[in-house]
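**Q** If you read the sequence shown in numbering that gives the first Met the number 0, its first letter stands for residue 0, the second for the next number, and so on. Even glycine gets a Cβ: it sits at the ideal position worked out from N, Cα and C.
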Amino acid sequence: MSIFTDNEEAAKIMARAMATASGLRTDRPDECIQPWMRDARIAVAAISENAAAIAELSELRARVVEAQSERDVWHRSAHADRARSLAAEAQNAKLVEALEKARDFLKNAPIESGYCCCGDIIESHNIGSGHSPVDAVVYAANQHVESIDATLAEINAAKGNG
Ligand SMILES: [Zn+2]
Numbered sequence: 000m001s002i003f004t005d006n007e008e009a010a011k012i013m014a015r016a017m018a019t020a021s022g023l024r025t026d027r028p029d030e031c032i033q034p035w036m037r038d039a040r041i042a043v044a045a046i047s048e049n050a051a052a053i054a055e056l057s058e059l060r061a062r063v064v065e066a067q068s069e070r071d072v073w074h075r076s077a078h079a080d081r082a083r084s085l086a087a088e089a090q091n092a093k094l095v096e097a098l099e100k101a102r103d104f105l106k107n108a109p110i111e112s113g114y115c116c117c118g119d120i121i122e123s124h125n126i127g128s129g130h131s132p133v134d135a136v137v138y139a140a141n142q143h144v145e146s147i148d149a150t151l152a153e154i155n156a157a158k159g160n161g
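(1) Using 8 Å for Cβ pairs, my map puts Ile147 next to Ala92. What's the rounded Cβ distance?
(2) Any residue with its Cβ nearer than 7 Å to a heavy atom of ligand 1 should be included. What is that list in chain order?
(3) Span of the alpha helix (DSSP H) holding Glu122?
(4) Please report the distance separating the alpha-carbon of Val144 from that of Lys106.
(5) If we count the other Cβ atoms within 10 Å of its Cβ and call it buried at 16 or more, is Cys115 buried or exposed?
(6) Using 6 Å as the cut-off, classify the Cβ of Ala108 as near or not near the heavy atoms of ligand 2, replying yes or no.
(7) What number of angstroms, rounded off, separates the C-alpha of Ser112 from the C-alpha of His78?
(8) Taking Ile110 and Val137 to be in contact with their CB atoms under 8 Å, please state how far apart those CB atoms are, rounded to whole angstroms.
(9) Residues bridged to Cys115 by DSSP?
(10) Quick one: give me the first and last residue of the alpha helix (DSSP H) that Ile53 is part of.
(11) With a cut-off of 8 Å on the beta carbons, I'd call Val95 and Leu151 a contact; round off their distance for me.
(12) Would you mind giving the Cβ-Cβ distance between Ser128 and Asp119, rounded to the nearest angstrom? I have them listed as a contact below 8 Å.
(13) Using a 10 Å radius around the Cβ and a threshold of 16 neighbouring Cβ atoms, would you call Gly159 buried or exposed?
Below is the structure:
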């Protein structure tokens, strides 16, 4: 970074030196010119040869600064993405745990309504009913278990892909 700052400084010095040099009398032979004036003209000539290089460095410096700020923006956004992704993962883990508990409860809890899906009382079912009695609540619970299992399988598959 300091090298570019130095070059900016060099460009300013060059501009001042050029202004001074243009005011020097140049119609005398070199031997008549005071040594410091000759040195100044030589220095100005050398500096102006480097003017293009200095301008190029200034442009390069601007591009470096721009690239750095782009990188900083990208870096911050990458950190924010990572934080969001970690938070989502933690939430997912909690949801999966809750779903697993709900499924285990629905599967194992002694829940029965005593009513068949057809609306009749299970106790009163007989051959004449035309079907085996299925407890309405147990049936609904099994549907929920299937739905939860499908969701958990989807989550596991997504984890495998991610
Ligand atoms: Zn029935």
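**A** Once the coordinates are examined:
(1) By 1-based counting over the sequence shown, the position of residue 147 is 148. By 1-based counting over the sequence shown, the position of residue 92 is 93. Not really, about 16 Å apart at Cβ, beyond 8 Å.
(2) Here the list is Cys115, Cys116, Cys117, Asp119, His124, Ser128, His130, Pro132, Val133.
(3) Counting from 1 along the sequence shown, the entry for residue 122 is found at position 123. Note, Glu122: premise wrong, no alpha helix (DSSP H); not H, not E.
(4) Here residue 144 is taken as the residue at index 145 of the sequence shown, counted from 1. Here residue 106 is taken as the residue at index 107 of the sequence shown, counted from 1. Spanning the two alpha carbons is a distance of roughly 7 Å.
(5) Locating residue 115 in the sequence shown gives position 116, counting from the first residue. Buried.
(6) Inclusion of ligand 2 in the displayed structure is not the case, the ligand content consisting of ligand 1 alone.
(7) Translated into the one-based positions of the sequence shown, residue 112 becomes position 113. Translated into the one-based positions of the sequence shown, residue 78 becomes position 79. Answer to the nearest angstrom: the Cα atoms are 53 Å apart.
(8) The count along the sequence shown starts at 1 and reaches residue 110 at position 111. The count along the sequence shown starts at 1 and reaches residue 137 at position 138. Yes, Ile110 and Val137 are in contact; Cβ-Cβ is about 7 Å, under 8 Å.
(9) Sequence index remark: in the sequence shown, residue 115 carries index 116 (1-based). Asp134, per the DSSP bridge assignment.
(10) Within the sequence shown, numbered from 1, the residue matching residue 53 stands at position 54. In this chain, the alpha helix (DSSP H) harbouring Ile53 covers 50-107.
(11) Within the sequence shown, the letter at position 96 stands for residue 95. Within the sequence shown, the letter at position 152 stands for residue 151. Indeed they touch by this definition, with Cβ atoms about 7 Å apart.
(12) On the sequence shown, residue 128 is found 129 positions in, with the first residue counted as 1. On the sequence shown, residue 119 is found 120 positions in, with the first residue counted as 1. Yes, they are in contact, since the Cβ atoms of Ser128 and Asp119 sit about 7 Å apart, within 8 Å.
(13) For the purposes of this step, residue 159 is taken as residue 160 along the sequence shown, with counting starting at 1. A residue is called buried when at least 16 other Cβ atoms come within 10 angstroms of its Cβ; Gly159 does not meet this threshold and is exposed.
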